[in-house]
Every structure is written in C-alpha cells, then in structure tokens.
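The structure under discussion appears below in the form of structure tokens.
Protein chains in written order, with the working numbering: chain F, 12 to 288; chain B, 12 to 288.
See the structure below:
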C-alpha cells in the first residue's frame, strides 16, 4: 500500500492511499482523515460510504467534515464506491446508476460482475484491516455513515454486523433497494433474480429482524429530487417503528441531494457519533 | 442574467448566475452565497477571488465558507478567474498559469488579450453592479479576499480603490508579480513590456504609497510548493513595515497551497472581516 497524498487540514492530516485489493482484484484508492489527537494515540473511527458516481474524493473535498472530526478527535475513512480499472466491467450503456461508481456495497454473484464487484467484503473486511495497519485507529470504537447509495451501505453493513459499530447514520439513504428502480437494477444485475438475496441487503428488511439496536440518525432533504421514487425514508421509519429500532429521521426543509446539504449537517452527524464513540 | 443553480446550505442559499459580460465580451458565471439573515434585509458582502485554474465553483464546493458566512450573516460572491468561451484566446501552449483561468485581475492592453481580458473592470465595476441588482447586499459594507492569484487580486483591488472596502485578506497570495515568474509571464503578456504598468498591479508597490490603511490579514502555509519562487510573502511584509500598513502575516506550519489549507482557516478570515463589516 502506498500513500499517494497528504495535506495538513485543521491541525490533522488528510491522507490518500493506493493499494492492490485482493477481494476486488484491482487497484483501489481510499482516503483517511486523521485528527490532531491521532498524534498522541489511537482515535475512534468513522467510515463514510459515498453515493452513486462518487470516488473517495467527493466527501473529502466537499463535506467539510475535517473541522468536526478534528474537534471530536475522530478519524474518517472514505473508500471508493466500486472496483475500478481497465478490466472492471461497467454498465453496458454507460449509465451512471450501475457499474463503475455504483457498487451498492454487495458481493456480486452474477457474471460479469462477480469477478470484481465485492464491495461488501471490501468495506467490511479488507479495508478495516488496511486502515488498522496504516493508521492509529481504535477499531473497537467504530461508527458508520454514508450518503444515498452509501446510506444504504452504512445501514445494511451496520445491521448485518452486530457488535461491530457503536452508531449508524445516513444522509438521504436508499432505504429499500427492493422497492426502488436503482435497487431493482443494481441488485438484479449483481445478485440475480432471487429477491430473497436482495432482502439480505435491504435496510428495511434487515431492521425488522435486528437483534442489536444501534443509535441511528437519518437526515433527508424534502427538496431532494430522488425522494419519492428512489429513497423512500418512510419505509425505513415504518420498519424502525415496527421493530422498536431507535431511529431518528429528520426531514430538512428546502434541502436537496447535494453536498451542500451534507455540509450543512455533517457536524451534527459527527457530534452524534462522537457521543457514542 | 439567469439564475442557473440554487441549493439550500446552512439555512441560506448557494446561488449561481450566468450572464453576458459587457466588459469581458463573453458569457460568464459567478456564485453567491446568501446567509439566512439575507431573508430579513441587506447583509454585508465578501468578494472572494480564486487562484490559477479555478472557476467560481472551487471555493464554493471546497472551502466550507458557508458555515461561517451563515454564522456572521455575510454574503460571499465568487467570480470566475478569466473570461471564457469559444473566441477567448488561451495560452498558445495551453499552460495552466496564463490565459483561461488566469486573468490576474488586470485589464489587458496587448493583443490578442485586450479584447476580452478585463478582469479588473469586471470585478471592480460590472460584477458588483450585477450583485447589487440581484441580491440583498449592502455595498457600503464590503470586504475582499482571495487565494494565490486571487490574493494578488484582492490586495491590488483593495489598494487601488480607497474607500471601497472595510478589510482585505488573502491565503498564499502572489505578493509581487514584478518579482516572480507567474507575474512576469502574465503581466508581460497582458500589459506589455512597460514594468511601470505592472507596478500599478503589484501589491508591494501599491502598499508603499497607500493612503488608506485597511485591516489586512494574510495566511501562508510554510509547506507551500510555490512559496519561495512565486509567492514571496516577505516582500509584502517588508512593504507593510516600511509603509506602516497594518498587515498581519501568519505563517502556518505544515500547510500547503490546497483548499485543505483554505478550509482550515477560512473561518478565521470570515470572522476577521465580520469584525470590520
């Protein structure tokens, strides 16, 4: 693994690494912000999963999270959103909602995707191991968050790995891939026609049977173009209600799906995670 | 003039406008952040001038200034850095330090640049008039700041227009285009061989004879790759010292030329301007 960038930021260090991924069978990059407190010892860590079309850089350059991470002494890890590279297949029509930039944080079982598209294993297993080797983080104090497709990733990964995270949050998450066009397309291609396999990556389905109940926060803008057709936070609120899951869903008036929305509330999310880390 | 984007951000509005520029003879875009306070009446305004290669978007998406602008109730205007469009000439070799993205905030007198490259008049006259028409800003309370080439622009424009600004600041400014390769190339091409004409756009030369003395703040990273050859803040400090100009120059250890540096200290700069607005 090679460090390919380092920039001082809010008294800490914004780092970027490149490495060969065994589970994705390609070269990958990811970013880590280490707060000033990391110079004195291990710090808790927040994983951030980005949305469709993003790389590891969108969150790092646009969210303004470093200020809050420095205040609270939390490291922030931002992976890419899919495998990358010359032999990694993409959507045949080059669509932006599937293939490159759209790994959906699952392990594909269908060809041609099954060779590289294992973002679930990458985020759950390979990446934390690389981070633990390179950075002073305390893996016993881990939280997870994300945006849109990455909000889906954050909730499904938290729900599927009890004992692993202290808290979970999301901005504008895809709440049920079983119930929206983005999910139908992606999971149908990656996992095939068996919708039971999709349910294992559906936050609403997972929440209904969750034994561990984590502190959970969701922010959703009510001017988000994708709200009605793709995101459907009411389904997550219903699942949380029926399961007694402690989800706080905040509808934010006038906000859209952009990083201007994330920047406005990322401070709240980092403070929320800090309270549980 | 047409509003081409609007995003809610920190309770205010991030706006983007497109318009035909009379002084640049081309179509231009610029961005304005209006804080929540602008819904109740006119607010003071900070002009931000960006550096080489930037458009109006770099600062808007990367600096995280909206949080502080919302806290202090200040509008922030970010113009582009050069004229744009099909018939606007660029560096013959396509270099990134001259031509498109590198207007240097002067009025070119030499062909082929003289037809479009009038960024001084654009920032000093045309843009404030457009902003005043479209946005609730109080032009009597105006400050100016910028980065690198835009720090040069902020200081030269403030020094050349006494009575116009309440305060001036910069990140990593080009302090003396008379004394660095970027300045030699740009002003030589835009203004010709007469170095007296360059001195009218040299912060150090202007500061030595300034009658109005504005509160002035400069942050400079000591790990900035351009520090020794291009930026030379010691020349500005010497000019300020000899002129009795109230410049605070802060060398920031470990910081480079990037927006990670700007993001780390833009809160200080907006608080500095707010104290004088």
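Where is the CB? At the ideal position from N, CA and C, for every residue including glycine.
Own chain, CB closer than 8 Å to residue 202(B), minus 5 neighbours either side, in chain order: Apart from sequence neighbours up to five positions away, the residues of its chain that approach residue 202(B) with a beta-carbon distance below 8 Å are 117, 119, 120, 121, 208, 209 and 212, ordered along the chain.
Run of the alpha helix (DSSP H) containing residue 182(F), from where it starts to where it stops: In the DSSP annotation of this structure, residue 182(F) is not part of any alpha helix (DSSP H); the continuous beta strand (DSSP E) holding it starts and ends at 179–182.
Chain-order list of residues whose beta-carbon lies under 7 Å from that of residue 102(F) (same chain, five-residue window excluded): The beta carbon of residue 102(F) is closer than 7 Å to those of 109 and 110 in its chain, skipping five residues each way along the sequence.
Rounded straight-line distance, which links the Cα of residue 183(F) to that of residue 62(F): Approximately 10 Å between the Cα atoms of the pair.
Delimiting residues of the beta strand (DSSP E) encompassing residue 13(F): Counting along the chain, residue 13(F) sits inside the beta strand (DSSP E) bounded by residues 13–20.
Alpha-carbon spacing of residue 230(F) relative to residue 262(F), whole angstroms: One C-alpha to the other measures close to 6 Å.
Contact set between the segment 219–253 of chain F and chain B, restricted to residues whose Cβ is under 8 Å from the partner: So the close ones are 232 and 234.
C-beta neighbour in chain F for residue 266(B), strict 8 Å: It does; some Cβ of chain F falls within 8 Å.
Residue 174(B) versus 238(B), 135(B) and 198(B), residue with shortest Cα-Cα distance: Residue 174(B) has its Cα closest to that of 135(B), out of 238(B), 135(B) and 198(B).
Cutoff 8 Å: residue 73(F) Cβ touching any chain B Cβ: Closer than 8 Å: yes.
Stretch pair the segment 51–58 of chain B + the segment 17–30 of chain B: three plus CB contacts closer than 8 Å: Here the segment 51–58 of chain B makes no contact with the segment 17–30 of chain B; the two share fewer than three CB pairs at distances below 8 Å.
Selection from 218(B), 74(B) and 156(B) that minimises the alpha carbon distance to residue 246(B): Of the candidates 218(B), 74(B) and 156(B), the one whose C-alpha sits nearest the C-alpha of residue 246(B) is 218(B).
Interface residues of chain F facing residue 269(B) [CB-CB closer than 8 Å]: Near residue 269(B) (Cβ distances below 8 Å), the residues of chain F are 18.
Span separating the alpha-carbon of residue 86(B) from that of residue 264(F): Within the model, the alpha-carbon separation for residue 86(B) versus residue 264(F) is close to 21 Å.
DSSP state of residue 102(B) mapped onto helix, strand, coil: Of the three classes helix, strand and coil, the one that applies to residue 102(B) here is coil, per DSSP.
Where residue 25(F) meets chain B, residues with beta-carbon distance less than 8 Å: The contacting residues are 271.
Option in 275(B), 88(B), 68(B) and 266(B) with minimal Cα separation from residue 43(B): The shortest C-alpha separation from residue 43(B) is found at 88(B).
Residue 92(F) versus residue 66(F) - alpha carbon distance: Using only the alpha carbons, I get a separation of about 6 Å.
Cα-Cα separation, residue 149(F) to residue 185(F): Cα atoms of residue 149(F) and residue 185(F): separation of roughly 29 Å, rounded to the nearest angstrom.
Endpoints, the alpha helix (DSSP H) within which residue 283(F) is located: That run of the alpha helix (DSSP H) goes 270–287.
Same chain, Cβ closer than 7 Å to residue 37(B), five either side skipped, listed in chain order: Answer for residue 37(B): 94, 95, 96, 99 and 127, listed in chain order.
Interface flag, residue 175(F) vs chain B, CB-CB below 8 Å: False, the Cβ-Cβ gap to chain B never drops below 8 Å.
Exposure label - residue 286(B); buried when at least 16 CB within 10 Å: Label assigned to residue 286(B): exposed.
Cβ shell of residue 74(B) (< 7 Å), same chain only, five flanking positions each side left out: Sequence-distant partners of residue 74(B) (beyond 5 residues in either direction) whose C-beta falls short of 7 Å from its own C-beta, in its chain, are 270, 273, 274 and 277.
8 Å Cβ cutoff met for residue 228(F) and residue 180(F): With respect to the 8 Å criterion, residue 228(F) and residue 180(F) are classified as neighbours on the basis of their beta carbons.
Alpha-carbon to alpha-carbon, residue 204(B) and residue 20(B): Inter-residue distance for residue 20(B) and residue 204(B) is about 46 Å (C-alpha atoms, whole angstroms).
Neighbourhood of residue 47(B) by C-beta, 8 Å cutoff - its chain only, sequence neighbours within 5 removed: So the list reads 21, 22, 23, 81 and 84, once near-sequence residues are dropped.
Rounded C-alpha distance that separates residue 252(B) from residue 172(B): A direct Cα-Cα distance of roughly 21 Å separates residue 252(B) from residue 172(B).
Contact list for residue 77(F) against chain B, beta-carbon separation under 9 Å: In chain order: 75, 271, 274 and 275.
Residue 113(B) (DSSP reduced to helix, strand or coil): Taken through DSSP and simplified to helix, strand or coil, residue 113(B) comes out as strand.
Beta-carbon proximity check, residue 291(F) vs residue 288(F), cutoff 8 Å: Residue 291(F) lies beyond the residue range present for chain F, which begins at 12 and ends at 288; the question has no answer from this structure.
Contact set between residue 283(F) and chain B, taken where Cβ atoms lie within less than 8 Å: Close to residue 283(F), with beta-carbon spacing below 8 Å, lies no residue of chain B; the smallest spacing is near 17 Å.
8 Å Cβ cutoff, residue 21(B) in contact with chain F: Closer than 8 Å to some Cβ of chain F, the Cβ of residue 21(B) qualifies, so yes.
Endpoints, beta strand (DSSP E) assigned at residue 38(B): 37–45 is the extent of the beta strand (DSSP E) around residue 38(B).
Buried/exposed call for residue 282(F), threshold 16 Cβ in 10 Å: So residue 282(F) ends up on the exposed side.
Limits of the alpha helix (DSSP H) - the one that residue 259(F) falls within: Element bounds for residue 259(F): not the alpha helix (DSSP H) but the beta strand (DSSP E), 258–263.
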